[in-house]
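Trainee: 19 is the number that full-length UniProt numbering gives to position 19 of the sequence shown; each next residue is one higher, with no gaps.
Think of the CB as a built atom: it goes at the ideal place given N, C-alpha and C, for glycine as much as any other residue.
Next up is a structure, given as C-alpha cells.
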Amino acid sequence: QIMTANVWLTQHWVDYRLSWDPARYEGIDKLRIPSRHIWLPDIVLYNNADGTYEVTVFTNAIVLFNGSVNWLPPAIYKSACKIEVKHFPFDQQNCTLKFRSWTYDHTEIDLILKSEVASMDDFTPSGEWDILALPGRRTVNPL
C-alpha cells in the first residue's frame, strides 16, 4: 500500500555567507528570500513510492542577520507501507518516512531531530483510522 502525507518539513541551518550587520542596513535583521537564490540542503524522502523526492513548493526562506536560515517547505510524500490486516478491523500499521541528504554524507550534513515526535497541530482526523503515534528516530549510516 502507499501512504500519502502532506507535511511541512522544517529545516534550519547557518550559512555565514548570509550574515550582515543590521546597523549598516537601517536595523534590518530579517529577510525573506526566495529559496532558489540560496544554498539549500538536499533533503529527500529516500523511501518514496512514486519517484518524487523533493518538496512540492520552494517557499521563501527566512534569513536572520547572523546567517541563521529557516525554511519550511510544504511537501506531499508518498511512501510504501507493508499492510498487515490479520486483526482487521483492529489492526495497526507502521509507515516509515526515511529522510536523508541526496549527495552529502553524515560528516557533511548533520541531521538533527528538532523533536522526538512529529507535530499533529494541523492534522485533519479521518473517520476510518487514527494516528496513534508519530515518533522520530535518527539513524546514521556509517558509509
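1) Let's see if you can read the secondary structure: which residues bound the beta strand (DSSP E) around Asn-60?
2) Ends of the beta strand (DSSP E) at Asp-15?
3) Under the three-state reduction of DSSP, which class applies to Pro-34: helix, strand or coil?
4) Leu-134: which of Ser-119, Ser-126 and Lys-86 sits nearest, CA to CA?
5) Please name the residue, chosen from Leu-64, Ser-79, Leu-113 and Asp-15, that lies closest to Met-3 on a Cα-to-Cα basis.
6) Applying the 10 Å Cβ sphere with the 16-neighbour rule, what's the burial state of Trp-102?
7) How would you call Trp-71, buried or exposed, if buried means at least 16 neighbouring beta carbons within 10 angstroms?
8) Might you give, ordered along the chain, the residues of its own chain that have their beta carbon closer than 7 Å to the beta carbon of Asn-60, omitting 5 neighbours on each side?
9) Am I right that Val-14 and Gly-67 are in contact with their C-beta atoms under 8 Å? What's the rounded C-beta distance?
10) Can you list, in chain order, the residues of its chain whose CB lies under 7 Å from that of Ser-115, leaving out five sequence neighbours each side?
11) Under 8 Å, with one C-beta from each stretch per pair, do the region 87 to 103 and the region 39 to 59 reach the 3-pair mark?
Mentor: In this structure, then:
1) Residues 60 to 64.
2) Secondary structure note for Asp-15: its beta strand (DSSP E) is the uninterrupted segment 11 to 19.
3) Strand at Pro-34.
4) Ranking Ser-119, Ser-126 and Lys-86 by Cα distance to Leu-134 puts Ser-119 first.
5) Cα-wise, what sits closest to Met-3 is Ser-79.
6) Classification of Trp-102: exposed, given that the 10 Å Cβ count is below 16.
7) The C-beta of Trp-71 has 16 or more other C-beta atoms within 10 Å across all chains shown, which makes the residue buried.
8) So the list reads Arg-32, Ile-33, Pro-34 and Ser-35, once near-sequence residues are dropped.
9) With a Cβ gap of about 5 Å, Val-14 and Gly-67 count as contacting.
10) Closer than 7 Å at the Cβ level, and outside the excluded window around Ser-115, lie Gly-136.
11) In this structure the region 87 to 103 lies against the region 39 to 59, because at least three pairs of beta carbons, one per stretch, are closer than 8 Å.
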